[in-house]
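Heads up: the structure comes next, in structure tokens.
There are 2 protein chains.
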Amino acid sequence: MSHQAEADRVLRSLGRACLEHDPDVLRSVLDRVGDKWSLILIGLLDKGPMRFTELLRTAPGISRRMLTLTLRSLERDGLVKRVIYPEIPPRVEYEVTPFGRTLSEPVLALTRWAADNQDTIRANRHAFDKAAGFDTDDLD
Amino acid sequence: MSHQAEADRVLRSLGRACLEHDPDVLRSVLDRVGDKWSLILIGLLDKGPMRFTELLRTAPGISRRMLTLTLRSLERDGLVKRVIYPEIPPRVEYEVTPFGRTLSEPVLALTRWAADNQDTIRANRHAFDKAAGFDTDDLD
DNA sequence: TGACTTGGTCACCATGAGGTGACGGAGGAG
DNA sequence: CTCCTCCGTCACCTCATGGTGACCAAGTCA
Numbered sequence: 001m002s003h004q005a006e007a008d009r010v011l012r013s014l015g016r017a018c019l020e021h022d023p024d025v026l027r028s029v030l031d032r033v034g035d036k037w038s039l040i041l042i043g044l045l046d047k048g049p050m051r052f053t054e055l056l057r058t059a060p061g062i063s064r065r066m067l068t069l070t071l072r073s074l075e076r077d078g079l080v081k082r083v084i085y086p087e088i089p090p091r092v093e094y095e096v097t098p099f100g101r102t103l104s105e106p107v108l109a110l111t112r113w114a115a116d117n118q119d120t121i122r123a124n125r126h127a128f129d130k131a132a133g134f135d136t137d138d139l140d
Numbered sequence: 001m002s003h004q005a006e007a008d009r010v011l012r013s014l015g016r017a018c019l020e021h022d023p024d025v026l027r028s029v030l031d032r033v034g035d036k037w038s039l040i041l042i043g044l045l046d047k048g049p050m051r052f053t054e055l056l057r058t059a060p061g062i063s064r065r066m067l068t069l070t071l072r073s074l075e076r077d078g079l080v081k082r083v084i085y086p087e088i089p090p091r092v093e094y095e096v097t098p099f100g101r102t103l104s105e106p107v108l109a110l111t112r113w114a115a116d117n118q119d120t121i122r123a124n125r126h127a128f129d130k131a132a133g134f135d136t137d138d139l140d
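Those protein sequence lines, which keep their order, are chains A and B. Just so we're aligned: the first sequence equals residues 1 to 140 in the UniProt record's numbering. Just so we're aligned: the second sequence equals residues 1 to 140 in the UniProt record's numbering.
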């Protein structure tokens, strides 16, 4: 067990040393999914395929234009697949590709972090703002 | 082992069912760190404390204004600590707090994803653009 | 008396991301 | 004959993000 644990630690530190938050790589992923809607849509579609209008109703506040644009760029990157059913009225479903699903994991990690820590952040902000607003306690 | 594996899967699916990419939570984390520089700075500072001008030189393309603004908001959220050394000329160091370091993990996961998959994305884009640009092969 | 350093702040401006509302076409319902 | 639904596209406009360059304090060096 200590063998396993140590090997794990070594591997982890190796990975860390090799990759180390490269700003340029980070920039590239942010350019891809750092916009207002990409990750939201990936998240929604992760639960199962959805129709255009369904996404429009489900994603809080997205416009038709941005939905189209974002879906196109996701499709272009191979993260989402567009399936057309030639019916009348037309039906189009979007689904996450297996490739897209690999992105879903780190995103979920981030969401989890946010869920776990939003209270802490709120408290920190409150404290910071109070301290900046008036430092009555360190004046006499 | 199969016990362990199954317990793991159950836990995972529970976590998934409970959290499930909540769009609002995702939105909140994106509002916090989805800007142009926050994650970059967190990434840089993760390697150790840095001075203002040092960050200015190291972060590719950031302006003084945005560096100040981003550092302030990170400090406000308790992700980064500002340490002033009252010397002349002034010296200020920024370091990631333990809290900030917890964010560093999911960010690293995302960076790792980007590093692993940027080639795939490039290929997908190329294919998509070629298909959209001219479909000479399915015309006769 | 300047010029140089660090760590900012401020006013101004440009860009582009993203929202709004109109239009479309093909068919079905009233 | 008109209106509805679905899945978009297009032109237009707004507003927030973020860049630029000037300025500042305070001490040191020449």
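Glycine included, each C-beta is placed from N, C-alpha and C at the ideal position. Note that this is a predicted model, so its numbers are computed, not measured.
For this session: List the residues that DSSP assigns as beta-bridge partners of residue 81/A.
Result: Within the first sequence, numbered from 1, the residue matching residue 81/A stands at position 81. Its beta-bridge partners are 95/A.
Exercise. Along chain B, in chain order, which residues have C-beta atoms closer than 8 Å to that of residue 106/A?
Worked result: Working through the first sequence from its first residue, we reach residue 106/A at position 106. Ordered by position in chain B, the residues that pass the 8 Å Cβ test against residue 106/A are 106, 109, 110, 112, 113.
For this session: For residue 100/A, count neighbouring C-beta atoms within 10 Å of its own C-beta (all shown protein chains included) and say buried if the count is 16 or more, exposed if not.
Result: The residue given as residue 100/A occupies position 100 in the first sequence. Counting Cβ neighbours within 10 Å, residue 100/A comes out buried, since at least 16 surround it.
Problem set entry | Sequence ranges, beta strand (DSSP E) only - wholly within the segment 27-76 of chain B, length at least 3 | none
Problem set entry | Neighbouring residues, chain B, relative to residue 119/A (Cβ below 9 Å) | Taking the first residue of the first sequence as 1, we reach residue 119/A at position 119. Simply none; closest approach about 11 Å.
Problem set entry | Contact under 8 Å by Cβ, residue 55/A with residue 67/A | Position 55 of the first sequence, counting from 1, holds the residue named residue 55/A. Position 67 of the first sequence, counting from 1, holds the residue named residue 67/A. Yes, the Cβ-Cβ distance between residue 55/A and residue 67/A is below 8 Å.
Exercise. What's the gap between the Cα of residue 93/A and the Cα of residue 69/A?
Worked result: By 1-based counting over the first sequence, the position of residue 93/A is 93. By 1-based counting over the first sequence, the position of residue 69/A is 69. Distance between the alpha carbons of residue 93/A and residue 69/A: 15 Å.
Exercise. Would the beta-carbon of residue 114/B fall within 8 Å of that of residue 25/A?
Worked result: The residue labelled residue 114/B in the question sits at position 114 within the second sequence. The residue labelled residue 25/A in the question sits at position 25 within the first sequence. Yes. Within cutoff.
For this session: Please say whether residue 23/B and residue 59/A have beta carbons closer to each other than 8 Å?
Result: For the purposes of this step, residue 59/A is identified with residue 59 of the first sequence, where counting begins at 1. For the purposes of this step, residue 23/B is identified with residue 23 of the second sequence, where counting begins at 1. Result yes, Cβ atoms of residue 59/A and residue 23/B sit closer than 8 Å.
Exercise. When the cut-off is 8 Å and only beta carbons count, does residue 20/A lie next to chain B?
Worked result: Here residue 20/A corresponds to residue number 20 of the first sequence, with the count starting at 1. At least one chain B Cβ lies under 8 Å of residue 20/A.
Exercise. How is residue 105/B classed by DSSP in three states: helix, strand or coil?
Worked result: Position 105 of the second sequence, counted from the first residue, corresponds to residue 105/B. Three-state result, residue 105/B: helix.
Exercise. For residue 21/A versus residue 43/B, is the C-beta distance shorter than 8 Å?
Worked result: As a working note, residue 21/A is residue 21 in the first sequence. As a working note, residue 43/B is residue 43 in the second sequence. A contact, by the Cβ cut-off of 8 Å.
For this session: Work out the CA separation of residue 40/A and residue 38/B for me, nearest whole Å.
Result: Counting from one through the second sequence, the residue named residue 38/B turns up at place 38. Counting from one through the first sequence, the residue named residue 40/A turns up at place 40. About 19 Å.
For this session: Using a cut-off of 7 Å between C-beta atoms, extract the partners of residue 84/B located in chain A.
Result: Within the second sequence, numbered from 1, the residue matching residue 84/B stands at position 84. Residues of chain A passing the Cβ test: none, with the nearest at roughly 15 Å.
For this session: Drop a sphere of 10 angstroms on the beta-carbon of residue 111/B, count the other beta-carbons inside from all chains shown, and report buried for 16 or more, exposed for fewer.
Result: Start at 1 with the first residue of the second sequence, and residue 111/B comes out as number 111. It is buried - the Cβ of residue 111/B has at least 16 other Cβ atoms within 10 Å.
Exercise. According to a CB-to-CB cut-off of less than 7 Å, which residues of the segment 51-66 of chain B neighbour chain A?
Worked result: 59, 60
Problem set entry | C-beta neighbour in chain B for residue 14/A, strict 8 Å | By one-based count along the first sequence, residue 14/A stands at place 14. Interpretation of residue 14/A is limited by its pLDDT of 49, a score under 50 that renders its predicted location unreliable; no figure is taken from the coordinates.
Exercise. Going by beta carbon distance, what residues of the same chain come within less than 7 Å of residue 45/B, once the five residues before and after it are set aside?
Worked result: On the second sequence, residue 45/B is found 45 positions in, with the first residue counted as 1. Answer for residue 45/B: 80, 94, 95, 96, listed in chain order.
Exercise. Within the 8 Å Cβ cut-off, does residue 102/B reach chain A?
Worked result: Start at 1 with the first residue of the second sequence, and residue 102/B comes out as number 102. Yes - at least one Cβ of chain A is within 8 Å of the one on residue 102/B.
Problem set entry | chain A contact residues for residue 91/B, given Cβ-Cβ distances below 7 Å | Position 91 of the second sequence, counting from 1, holds the residue named residue 91/B. The contacting residues do not exist; residue 91/B stays about 22 Å from chain A at best.
Exercise. At a CB-CB cut-off below 7 Å, which residues of chain B make contact with residue 23/A?
Worked result: As a first step, residue 23/A is located in the first sequence; it is residue number 23 there, counting from the start. Ordered by position in chain B, the residues that pass the 7 Å Cβ test against residue 23/A are 40, 43, 44, 59, 60.
Exercise. If you drop the 5 nearest sequence neighbours on each side, which residues of the same chain put their C-beta closer than 7 Å to that of residue 137/A?
Worked result: Taking the first residue of the first sequence as position 1, residue 137/A is located at position 137. Per-residue confidence for residue 137/A stands at a pLDDT of 49, beneath the threshold of 50, marking its modelled position as unreliable; the derived number appears in the next sentence. Within the same chain, residue 137/A has no close Cβ partners at all.
For this session: Under 8 Å between beta-carbons, which chain B residues line up against residue 48/A? List them in chain order, please.
Result: Reading the first sequence from its first residue, position 48 is the one you call residue 48/A. Under the 8 Å cutoff, chain B gives no residues; its nearest Cβ is about 11 Å from residue 48/A.
Problem set entry | Separation of residue 35/A from residue 64/A, as counted between CA atoms | As a first step, residue 64/A must be located in the first sequence, where it is residue number 64. As a first step, residue 35/A must be located in the first sequence, where it is residue number 35. In a straight line, the C-alpha of residue 64/A is about 16 Å away from that of residue 35/A.
For this session: Would you please verify whether the beta carbon of residue 29/B is less than 8 Å from any beta carbon of chain A?
Result: For the purposes of this step, residue 29/B is taken as the residue at position 29 of the second sequence. Judged by the 8 Å Cβ criterion, residue 29/B is in contact with chain A.
Exercise. Which class does residue 131/B belong to by DSSP, given the choice of helix, strand or coil?
Worked result: Numbered from its first residue, the second sequence carries residue 131/B at position 131. If DSSP states are grouped into helix, strand and coil, residue 131/B belongs with the helices.
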